[in-house]
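Just so we're aligned, residue 244 is where the sequence shown starts under the working numbering, counting upward by one.
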Amino acid sequence: MDAINAVFLTTYEIDKKYDTSYHQRFTEYVKMVEEKDWVIDGCMTDPKGDRSKHPHQQKDPDVFFHVVERKEDGVVVRGAKAHQTGAINSHEHLIMPTLAMRNEEKGFTICCAIPVDDDGITYYCGRQSCDLRRLDQSEEGNIDCGNQFGVHECLVVFDDVFVPNEQIFMNGESEFCGRLVESFAAYHRQSYGGCKAGVGDVMVGAAAAIAEYNGVQNASHIRDKITEMAHLNETIYACGMACSACGKKTEAGNYLVDILLANVCKQNVTRFPFEIARLLQDIAGGLFVTCPSARELRNPETRKIIEKYLVGAEGVDTINRIKMMRLIENSVLGRGAVGYLAESMHGAGSPQAQRIMINRLANLEEKKKMAKSLARIKEE
Ligand SMILES: Cc1cc2nc3c(=O)[nH]c(=O)nc-3n(C[C@H](O)[C@H](O)[C@H](O)COP(=O)(O)OP(=O)(O)OC[C@H]3O[C@@H](n4cnc5c(N)ncnc54)[C@H](O)[C@@H]3O)c2cc1C
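In structure tokens:
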């Protein structure tokens, strides 16, 4: 929805300035997506090559997605999009420019929809830690908790793909790229206040459960650490709620979140989950990285030894303790950590991208005026 909302808003603004019909076309596209109940990949991030250079300055222009040929009935595009979550199990890629483009970068200014199985697209699936363990049948016995989900990220390569006019929603209007990127980022940064807080709830629950399994639930420092985890997590949630509640209806008819608060939300998300994960590892003890495999549990001889020595608090099933340790391991180091930690850092833009927006929107002049007024400073 982040990409859909941002393109909806931007196409409206382009149509107001130019005699284009992108907005009408995109509105029809959205209706079709809703009717067909499609999954759309918000496809923004280019590989970007040398980060100190703009798209038109790169040695190989293909590191930024671009138009290579214009035809009467459409365009031919080339390039790649990196880190695409759920690329393979989506129906279409909604391609957006990755950054504000300059006047001479009209060829890189393209927003369009491309079916995921179109000719000329290749998917390079990301390798992640513990992915083979997920497939390893010898681990059957269901102790590898938190490592079952088939989420993936892909490098998606577009090798001269034809896009018909009906699927194009921006084509050369470079002065609107910044607006599209900014609004997509804002919607996306808001959504982290829900999704990462949801995972955070599981982290808090895992901390409380493992503390009980270990018999330390009443220790004052453990209770305080769990309280801190909950506080950090609820702060993320509060930011997500705040930027949504302060959102306003746009002229285009959809709602836009409060951009400053959405950036504050995501900036907190680049930090707090790491502290939550640190506290969870502290509370768990080292077993979350040293647990024996399910094979040892299937052998009655070794199972007896594991149950004897990996026992926790009295009355706690050792296998439940091991399952909770595996959940913690996968959440802070394995596939779960890709979404909970790495994506918290870089998804919807790395931390500096939010700091630039916060600085721009913080209205420092107004705040200086307030401080000077209280300090009874009068300046000409
Ligand atoms: C798990 C995961 C899932 C993702 N899913 C999606 C998705 O579904 N769709 C999508 O479009 N994107 C997705 N992303 C991409 C995400 O938006 C990018 O990772 C993010 O924008 C950072 O880009 P990058 O990875 O190229 O890092 P870089 O841009 O290389 O950033 C690395 C560091 O360099 C700094 N830096 C970069 N350029 C400059 C510069 N010019 N000047 C100064 N400093 C600079 C950054 O601030 C950062 O500190 C996903 C990312 C992750 C990790």
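Every residue, glycine too, gets a C-beta built ideally from N, C-alpha and C.
Taking a contact as a CB-CB distance under 8 Å, the pair V575 and L523 counts as one, their CB atoms being some 6 Å apart. In the three-state DSSP reduction, C286 falls in the strand class (E or B).
For Q327, the enclosing beta strand (DSSP E) stretches over residues 317-328. Residue state for C486 is assigned as helix, using DSSP reduced to three classes. At least one heavy atom of ligand 1 lies closer than 7 Å to the C-beta of C286. Take the alpha-carbon of I571 and the one of A596: they are about 30 Å apart. Apart from the 5 residues on each side of it in sequence, T263 sits with its Cβ closer than 7 Å to the Cβ of I257 in its chain, given in chain order. The beta carbon of H336 sits closer than 6 Å to those of D284, C286, I357, all from its chain and outside the five residues before and after it, given in chain order. Going by beta carbons, F531 and M568 fall inside the 8 Å limit. The three-state reading of DSSP puts K566 in helix, counting H, G and I together. Rounded to whole angstroms, the gap between the alpha carbons of L504 and P543 is 56 Å. Per DSSP, L584 lies in no alpha helix (DSSP H) and is assigned neither H nor E.
With respect to A591, A428 sits close: the two C-beta atoms are nearer than 8 Å.
Nearest to C489 by C-alpha distance, out of R466, D362, C388, Q433, is Q433. For M413, DSSP records a beta bridge to C354. Taking the CA atoms as reference points, A485 sits about 10 Å from I479.
Leaving aside the five residues that flank V400 on each side, the residues in its chain whose CB is nearer than 6 Å to its CB run, in chain order, A323, T365.
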